[in-house]
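The numbers in the sequence shown follow the numbering used here, run straight up by one, and end at 365.
Worksheet: the structure to be examined is printed underneath.
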Amino acid sequence: MREIKFIDLKSQYLSIKHEIDNAIQEVLMSSAFAGGPFVKKFEEDFAKIHGANFCSGVNNGTSALHIVFMAINMSRGDEVIIPANTFIATPASVSLQGGKPVFVDCSEDDFNIDVDKIEKAITPKTKAILPVHLYGQPAQMGRINEIAKKHNLVVVEDCAQAHMAEYEGKKVGNFGISGCFSFYPGKNLGAYGEGGAVICNDEEFWKRIQAIKEHGSFKKYYHEYLGHNYRLEGIQGAILDVKLKYIEAWTDTRRKNADLYRKYLSDIPEIILPKESKNVKHVYHLFVIRSKKRDELGRFLNENGIQTSIHYPIPCHLQHSYKFMGYKEGDFPVSEMLSKEILSLPMSEQLKEDEIIYIAEKIRVFFAK
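Okay, here's the thing in structure tokens:
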């Protein structure tokens, strides 16, 4: 039986093995394991390719969000508006700093926060809006920034799934005070372990981020305030800098693969394909379809060697970890509906057209039964 992996990290590594191996050896020979010149080089290159002035590499995407909320002096009880349809790290980064995530339902069109519902969620305690560019599609940052400006709110972008994505020709991460990225191995730009980054355009804010990730220190062993050990490892910085050279080509391939999926799946009425907003560049971290028979379809594809996943089976407000907030089923109907219908198909720059054809054929077989 044919096997199609959800994402093929081994094939990606083999395609750039010589460069990766050399980069790792350089770090080993230099002993620059925690921070150091390889991380600094990556930070400079990552900021440049995203059109930002500054970048601070950190140990993962959750830390990237958390460190920003520390840097904006979020206090206990401060509220942050967040989409209900996202990964748990988004609200957790607020909660762990003493803030209160205020969930807003998502749009059925792009899976992102429903901008029309944001203002209703604003209270005197609201400090920030945290839009998520889910699955690689930018949220509607123009309208979000208008609302934020009107109510004097900070905007922090969760770009964990949106490396190289654009809103109206501008890279995400540049619309608020900062953009927070994840380099989890399965991301469009993935480390061989964990990693993350914060990009921004204000030097003083960047310096504060740099200090917080180093135990609140601008100078070794001199600590201005409380911080964390959130540094990016040298080996991960070197690996990511190699991969960064390929991210534009890889992004183009992902977009082409999304077009191929649409070509071969568009005439199947039992599924709904993802929409791409007219004013954005979607980078397809995930290709997420919808079906009323999601669970049965997913099992059938897995039985036929096609790996699938669900992002995400339970909305944040219904997770046990947020039971204390008192949300109940029915509070965010669109997010809840989508959680029962969404199915992520294999997507990567390693995916081939014949594999997409095979996936489409199996989906047809399923609905013909």
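Ideal placement from N, C-alpha and C gives every residue a C-beta, glycine not left out.
Cβ of residue i within 7 angstroms of Cβ of residue j?
i: I353; j: Y260; result: yes
i: H46; j: G233; result: no
i: I310; j: R286; result: no
i: D101; j: A80; result: yes
i: A85; j: H129; result: no
i: F296; j: F201; result: no
i: S340; j: L282; result: yes
i: A187; j: I243; result: no
i: G31; j: R227; result: yes
i: P329; j: F2; result: no
i: G175; j: E153; result: yes
i: A245; j: F42; result: no
i: E39; j: G57; result: no
i: H147; j: I118; result: yes
i: M66; j: I208; result: yes
If you follow the beta strand (DSSP E) that residue i is in, where does it begin and where does it stop?
i: R286; result: 283 to 287
i: S89; result: Looking at the DSSP string, S89 is not in any beta strand (DSSP E); the run it does join, the alpha helix (DSSP H), is 85 to 91.
i: E153; result: 150 to 154
i: L126; result: No beta strand (DSSP E) holds L126; DSSP gives it neither H nor E.
i: K216; result: Where K216 is concerned, there is no enclosing beta strand (DSSP E), given that its DSSP letter is neither H nor E.
Measure how close the beta-carbons of residue i and residue j come, nearest whole angstrom, since I'm counting them as under 8 angstroms.
i: H278; j: G132; result: 5 angstroms
i: E164; j: G138; result: 7 angstroms
i: G223; j: E210; result: 6 angstroms
i: V151; j: F171; result: 6 angstroms
i: T247; j: M160; result: 5 angstroms
i: Q8; j: Q346; result: 6 angstroms
Pull the bridge partners of residue i from the DSSP assignment, please.
i: P97; result: V76
i: A193; result: G53, F177
i: T122; result: E75
i: S305; result: S340
i: R67; result: In the sequence as presented, Arg is not what sits at residue 67; that position holds Ala. A67 pairs with nothing; no bridge assigned.
Where does the unbroken alpha helix (DSSP H) through residue i begin, and where does it stop?
i: I352; result: 349 to 364
i: S340; result: From DSSP, S340 is part of no alpha helix (DSSP H) but of the beta strand (DSSP E) over 338 to 341.
i: D248; result: 243 to 261
i: L297; result: 290 to 299
i: A135; result: Neither: A135 is in no alpha helix (DSSP H) and is coded neither H nor E.
i: N18; result: 13 to 26
i: L240; result: 230 to 240
i: Q206; result: 199 to 208
i: F34; result: 33 to 45
| query | Quick one: any contact between the segment 76 to 84 and the segment 110 to 122, if contact means 3 or more CB pairs under 8 angstroms? | reply | yes
| Three-pair Cβ contact test at 8 angstroms for the segment 93 to 100 versus the segment 340 to 354 | no
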